[in-house]
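Trainee:
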Amino acid sequence: MTMLRSILERFKPGKGAVISVPYLWLLVFFLVPFLIVLKISFADQDLAIPPFTHLLKYDGDMSTLNIALNLSNFLFIFTNELYLDTYVSSLEVALFTTLACLLIGYPIAYAIARTNPAIRNVLLMLVMLPFWTSFLLRVYAWMGLLQPNGIINNLLMSMGLISEPLEMFHNQFSLYLVMVYAYLPFMILPLYAHLVKMDVTLLEAANDLGARPFKTFWTITLPLSKNGIIAGSMMVFIPAVGEFVIPELVGGPDVLMIGKVLWNEFFDNNNWPMASAVATIMVLFLIVPIALFHRYETRQLEGKNV
Amino acid sequence: MYNGNPLPKTLKGVLLLGFLFLYVPIVSLIIYSFNASKLVTVWGGFSTRWYASLVQNDQIISAVTLSIKIALASATAAVVLGTIAGFVLARFGRFRGSTLFAGMMTAPMVMPEVITGLSMLLLFISMQQFFGQPSERGFFTIWAGHTTLCMAYVAVVVRSRLIEIDKSLEEAAMDLGARPMKIFFLITLPLVSQAIASGFLLSITLSLDDLVTTSFLSGPGATTLPMVIFSKVRLGLNPEINALAAITVLLVGIFVLVANYLMLSAQRNRARAMAAAMRENDAPTPPGNGAGGAVATAP
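Chain order of the listed sequences is A and H. Residue numbering for the first sequence is 1 to 306, as defined by our numbering. Residue numbering for the second sequence is 307 to 605, as defined by our numbering.
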């Protein structure tokens, strides 16, 4: 029967049709656009609509096909210190955000997973609520809290704890704080999903054999939650590298983030080829993290632990 | 993970601090939405004037309307495409190009939005150059972008549900001679209907909330709600936005509460039905083994 089924499955003509619907959609709307970005990153800015030059020019009289690859965008990025610094600083901000989210999110996810299932659903809902509430509005909430005449400063000054407002807006502090705040639910949810499925008998066995709670955690819980840690970390790190909204709204003028540079090149300078080159290099940086995310997310879905 | 013991004090403290961090900003937004003063963060007495001026703001009302239209349209398309994709990923095993397919399914969830937005915009520009379509950016281009983003989430939810449920029901139908189409619509689809529903809700919120991709893909006359919020918030605090945020939090809260209630009661019903089926079925079943056990021991 199994053999017959596998033969049937192999020759089912409908299968190809079923696959092709989402496959074609993704090819057209996700993969092909990247190739176009790559192509336009080799173009030159032009005063035309759309504002870039063509790579291929066919000269009818001479019967020659001219291919013009303009490398200056990439050369400029690699020789300009500001661009290089921006890439480095974006990776730094994303890395720090990921670590901070992991350090704060792991204990929360662990505590929720250890709670009585009746209360657990309520707690999980409380994590979901900010996750579903608008990202933009959650960032906006911090603008009111952190400003020089914002809620925190007003409160502290009315209590007489400080005489001058603390500077915690439009600088590195506000950038990091809001990054961690905004991305924290993205870390907690995959970690929780993983921790809650963990076999409690393993922990009890370690306990019975005399392991202290910390040792049990360090040698059993933590290694077993590796897939969740990697999936959650990548879910924070990858979008954080290209984050635009947070540095724009709460970061200072000296905050260098590549997502902001891309946005400015595109919307303010109307330099589409440059924006494409910036995007191309960013994708190169992110290919390995995305592959990692894909691998561990699939494992988590399939319930494998190794 | 739950071992029957009450939570240690340190972990309780962790939860308290964690939820304070998550909720203080949201609660402060709501409180100050009732501030009479135009200076958003300086308390000037209780008032609901910003709610009144919000509903009279035509720009916001038309942006809300457009956002809801786009959200409904793209969530619908995302559910159709995402369900098929989730089914393919969970049930078809490996096929030629399956790795690329699975990769293209995951990547949109994490890819920085400035990249997806830019790349899709350049796609539409190129399409316009070659085919003359789409003639302008707006509803259609935003819809296509949101659909691509949301279908990945739907696929993940549907796929994980399909991995959970027992294949034996579908296999039994196949052994009894049902055609694949019939099996899909009569057995698979009802089993994952809840996952599809939550995928739909998730898509709606994602679409309603999206700013960056939308900004790239939108054209003149197509301004969504997040675009309006962003353009206002960029200039500083705005009491109307506080009122809008309070309404959003309230709606999302009700939404999550209802969805959670539906899910829990469905879970309870399923457990009850399963227990009943086990009782009817006299064959001994291993304890703690759910639907799989019941089906496996059926004659």
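In this text, a Cβ means the ideal position worked out from N, Cα and C, and glycines have one as well. Keep in mind the model is a prediction, meaning the values are calculated, not measured.
For LYS488 (chain H), report the span of its alpha helix (DSSP H) as first-last.
Mentor: Taking the first residue of the second sequence as 1, we reach residue 488 (chain H) at position 182. That run of the alpha helix (DSSP H) goes 486-489.
Trainee: Taking Cβ-Cβ distances shorter than 7 Å, what residues in chain H pair up with PHE173 (chain A)?
Mentor: For the purposes of this step, residue 173 (chain A) is identified with residue 173 of the first sequence, where counting begins at 1. Per Cβ cutoff of 7 Å: no residues; PHE173 (chain A) is ~15 Å from chain H at best.
Trainee: With a 10 Å radius around its C-beta and 16 neighbouring C-beta atoms as the bar for buried, classify TRP263 (chain A) as buried or exposed.
Mentor: Translated into the one-based positions of the first sequence, residue 263 (chain A) becomes position 263. Buried: at least 16 other Cβ atoms inside 10 Å.
Trainee: Any C-beta of chain H within less than 8 Å: which residues of the stretch 80-103 of chain A qualify?
Mentor: Here the close residues number zero.
Trainee: Kindly indicate the opening and closing residues of the alpha helix (DSSP H) around SER518 (chain H).
Mentor: Residue numbering aside, residue 518 (chain H) sits at position 212 when the second sequence is read from its first letter. Residue identity check: residue 518 (chain H) is Val in the sequence provided, not Ser. 518-523 is the extent of the alpha helix (DSSP H) around VAL518 (chain H).
Trainee: Can you tell me whether PRO312 (chain H) is buried or exposed, with buried defined as 16 or more other CB within 10 angstroms of its CB?
Mentor: Counting from one through the second sequence, the residue named residue 312 (chain H) turns up at place 6. Result: exposed.
Trainee: Would you grab the beta carbon distance between MET350 (chain H) and ALA358 (chain H) for me? Rounded to a whole angstrom, and I think it's under 8 Å.
Mentor: In the second sequence, the residue the question calls residue 350 (chain H) occupies position 44. In the second sequence, the residue the question calls residue 358 (chain H) occupies position 52. The residue you asked about is not Met; residue 350 (chain H) is Gly in the sequence shown. About 16 Å; that fails the 8 Å criterion.
Trainee: Please report the distance separating the alpha-carbon of LEU202 (chain A) from that of HIS294 (chain A).
Mentor: Taking the first residue of the first sequence as 1, we reach residue 202 (chain A) at position 202. Taking the first residue of the first sequence as 1, we reach residue 294 (chain A) at position 294. Whole-angstrom Cα-Cα distance: 28 Å.
Trainee: Counting only beta-carbon separations shorter than 8 Å, does GLY228 (chain A) have a partner in chain H?
Mentor: Taking the first sequence and counting its residues from 1, the one referred to as residue 228 (chain A) is at position 228. For GLY228 (chain A), the answer is no, since every Cβ of chain H falls outside 8 Å of its Cβ.
Trainee: Could you tell me the distance, in whole angstroms, from the CA atom of TYR296 (chain A) to the CA atom of PRO223 (chain A)?
Mentor: To locate residue 296 (chain A), count along the first sequence from 1; it is residue 296. To locate residue 223 (chain A), count along the first sequence from 1; it is residue 223. Taking the straight line from one Cα to the other gives about 14 Å.
Trainee: Verify the CB distance criterion: does VAL463 (chain H) have a CB-CB separation below 8 Å to chain A?
Mentor: Taking the second sequence and counting its residues from 1, one reaches residue 463 (chain H) at position 157. Not closer than 8 Å to any Cβ of chain A, the Cβ of VAL463 (chain H) fails to qualify, so no.
Trainee: In terms of residues, what are the limits of the alpha helix (DSSP H) holding HIS452 (chain H)?
Mentor: What you label residue 452 (chain H) is simply residue 146 of the second sequence in a count that begins at 1. Its alpha helix (DSSP H) spans residues 445-470.
Trainee: How big is the Cα-Cα spacing for SER513 (chain H) and GLY392 (chain H)?
Mentor: Numbered from 1 along the second sequence, position 207 holds the residue referred to as residue 513 (chain H). Numbered from 1 along the second sequence, position 86 holds the residue referred to as residue 392 (chain H). About 20 Å.
Trainee: Any beta-carbon of chain H closer than 8 Å to the one on THR53 (chain A)?
Mentor: To locate residue 53 (chain A), count along the first sequence from 1; it is residue 53. Not closer than 8 Å to any Cβ of chain H, the Cβ of THR53 (chain A) fails to qualify, so no.
Trainee: If the cut-off is 9 Å on Cβ atoms, which residues from the stretch 548-562 of chain H count as contacting chain A, listed in chain order?
Mentor: Listed by position, the residues of the stretch 548-562 of chain H near chain A (Cβ gap below 9 Å) are ASN548, LEU550, ALA551, THR554, VAL555, VAL558, GLY559, PHE561, VAL562.
Trainee: Going along chain H in order, which residues have a C-beta closer than 9 Å to the C-beta of LEU195 (chain A)?
Mentor: Position 195 of the first sequence, counted from the first residue, corresponds to residue 195 (chain A). By Cβ distance, chain H contributes MET307.
Trainee: Between LEU378 (chain H) and chain A, is any beta-carbon pair separated by less than 8 Å?
Mentor: Against the second sequence, residue 378 (chain H) aligns to sequence position 72. False, the Cβ-Cβ gap to chain A never drops below 8 Å.
Trainee: So, with DSSP's three-state summary, where would you put PHE131 (chain A)?
Mentor: Numbered from 1 along the first sequence, position 131 holds the residue referred to as residue 131 (chain A). Three-state result, PHE131 (chain A): helix.
Trainee: Quick one: which chain A residues come within Cβ less than 9 Å of ARG540 (chain H)?
Mentor: Taking the first residue of the second sequence as position 1, residue 540 (chain H) is located at position 234. GLU248, LEU249, listed in chain order.
Trainee: Identify, in the order they occur along the chain, each residue of the same chain with its Cβ nearer than 6 Å to the Cβ of GLY150 (chain A), setting aside the five sequence neighbours on each side.
Mentor: The residue labelled residue 150 (chain A) in the question sits at position 150 within the first sequence. Counting only Cβ-Cβ distances below 6 Å, and skipping sequence neighbours, we find GLY144.
Trainee: In angstroms, rounded to a whole number, what distance separates the CA positions of TRP132 (chain A) and LEU209 (chain A)?
Mentor: As a first step, residue 132 (chain A) is located in the first sequence; it is residue number 132 there, counting from the start. As a first step, residue 209 (chain A) is located in the first sequence; it is residue number 209 there, counting from the start. Their Cα atoms are separated by approximately 43 Å.
Trainee: Sorted by chain position, which residues of the same chain lie with C-beta nearer than 6 Å to ALA602 (chain H)'s C-beta, five sequence neighbours on each side aside?
Mentor: Translated into the one-based positions of the second sequence, residue 602 (chain H) becomes position 296. Below a pLDDT of 50, predicted positions are generally treated as unreliable, and ALA602 (chain H), at 36, falls in that range; no measurement from the model is reported.
Trainee: Under a Cβ-count criterion, where at least 16 other Cβ atoms within 10 Å of its own Cβ denotes burial, should ASN153 (chain A) be classed as buried or exposed?
Mentor: Counting from 1 along the first sequence, the entry for residue 153 (chain A) is found at position 153. Its Cβ being crowded by 16 or more others within 10 Å, ASN153 (chain A) is buried.
Trainee: Determine contact between the stretch 390-407 of chain H and the stretch 239-248 of chain A, defined as no fewer than three beta-carbon pairs at a distance below 8 Å.
Mentor: Verdict: no, contact absent.
Trainee: Is there at least one Cβ from chain H nearer than 8 Å to THR64 (chain A)'s Cβ?
Mentor: Here residue 64 (chain A) is taken as the residue at index 64 of the first sequence, counted from 1. No, THR64 (chain A) lies away from the interface with chain H (no Cβ there is under 8 Å from its Cβ).
Trainee: Is GLY423 (chain H) closer than 8 Å to VAL518 (chain H) when the C-beta atoms are compared?
Mentor: As a position in the second sequence, residue 518 (chain H) is number 212, starting the count at 1. As a position in the second sequence, residue 423 (chain H) is number 117, starting the count at 1. Yes, the pair counts as a contact, with Cβ atoms nearer than the cut-off.
Trainee: Would VAL562 (chain H) pass as a contact of MET128 (chain A) if the rule is Cβ separation under 8 Å?
Mentor: Start at 1 with the first residue of the second sequence, and residue 562 (chain H) comes out as number 256. Start at 1 with the first residue of the first sequence, and residue 128 (chain A) comes out as number 128. Yes, these two residues count as a Cβ contact at 8 Å.
Trainee: Listed in chain order, which residues of the stretch 120-137 of chain A have Cβ atoms closer than 8 Å to some Cβ of chain H?
Mentor: Flagged, chain order: ARG120, ASN121, LEU123, MET125, LEU126, VAL127, MET128, LEU129, PRO130, TRP132, THR133, SER134, PHE135, LEU136, LEU137.
Trainee: Please confirm whether ILE336 (chain H) and VAL539 (chain H) have their CB atoms less than 8 Å apart.
Mentor: Within the second sequence, numbered from 1, the residue matching residue 336 (chain H) stands at position 30. Within the second sequence, numbered from 1, the residue matching residue 539 (chain H) stands at position 233. Taking 8 Å as the Cβ cut-off, ILE336 (chain H) and VAL539 (chain H) do not qualify as a contacting pair.
Trainee: If we ignore side chains and look at the alpha-carbon of each, how far apart do VAL558 (chain H) and PHE267 (chain A) end up?
Mentor: For this step, residue 558 (chain H) is matched to residue 252 along the second sequence. For this step, residue 267 (chain A) is matched to residue 267 along the first sequence. Their backbone Cα atoms lie some 32 Å apart in a straight line.
Trainee: Looking at the C-beta of ASP472 (chain H), does it have a partner C-beta in chain A at a distance below 8 Å?
Mentor: Sequence index remark: in the second sequence, residue 472 (chain H) carries index 166 (1-based). Chain A contact via Cβ: absent.
Trainee: Please state if the CB of PRO273 (chain A) and the CB of ILE40 (chain A) are separated by a distance shorter than 8 Å.
Mentor: To locate residue 40 (chain A), count along the first sequence from 1; it is residue 40. To locate residue 273 (chain A), count along the first sequence from 1; it is residue 273. Yes, these two residues count as a Cβ contact at 8 Å.
Trainee: Would you mind telling me which residues of chain A sit closer than 7 Å to LEU372 (chain H), beta carbon to beta carbon, in chain order?
Mentor: Here residue 372 (chain H) is taken as the residue at index 66 of the second sequence, counted from 1. Here the premise fails: no neighbours, minimum Cβ distance about 16 Å.
Trainee: Residues of chain A with CB closer than 8 Å to the CB of VAL534 (chain H), please, in chain order.
Mentor: Against the second sequence, residue 534 (chain H) aligns to sequence position 228. Here the premise fails: no neighbours, minimum Cβ distance about 11 Å.
Trainee: Does THR519 (chain H) get closer than 8 Å to chain A when you measure Cβ to Cβ?
Mentor: Working through the second sequence from its first residue, we reach residue 519 (chain H) at position 213. Not one chain A Cβ lies under 8 Å of THR519 (chain H).
Trainee: Determine, using beta carbons only, whether LEU314 (chain A) and THR280 (chain A) come nearer to each other than 8 Å.
Mentor: The shown model of chain A, from 1 to 306, leaves out residue 314 (chain A), and the question about it has no answer.
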